[in-house]
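Numbering (the working numbering), first residue to last: -4 to 73. Positions of the beta carbon are idealized from the N, C-alpha and C atoms, including for glycine. Step one of this worksheet: look at the structure below.
Here is the structure:
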């Protein structure tokens, strides 16, 4: 439903606080060696909750670096 349609349906004025916008995306990734891991992207972080091989972290970092639309987000040491 469009913002104007929603405003008409429930009354009021739509607004957006872009400073507090949030999103996240969780992806299931399959390493060629057979390991499966999850990568979560949010506005300020890229997380890999668990992985066995450091090459996975290196691959994800390289992928993030190649996506300027994501900005550079350091992977936290866990």
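Item	Value
Same chain, Cβ closer than 6 Å to residue 20, neighbours up to 5 away in sequence not counted	36
DSSP beta-bridge partners of residue 22	34
Euclidean distance between Cα positions of residue 25 and residue 65	21 Å
C-beta contact flag for residue 8 and residue 2 at 8 Å	yes
C-alpha gap between residue 34 and residue 61, whole angstroms	16 Å
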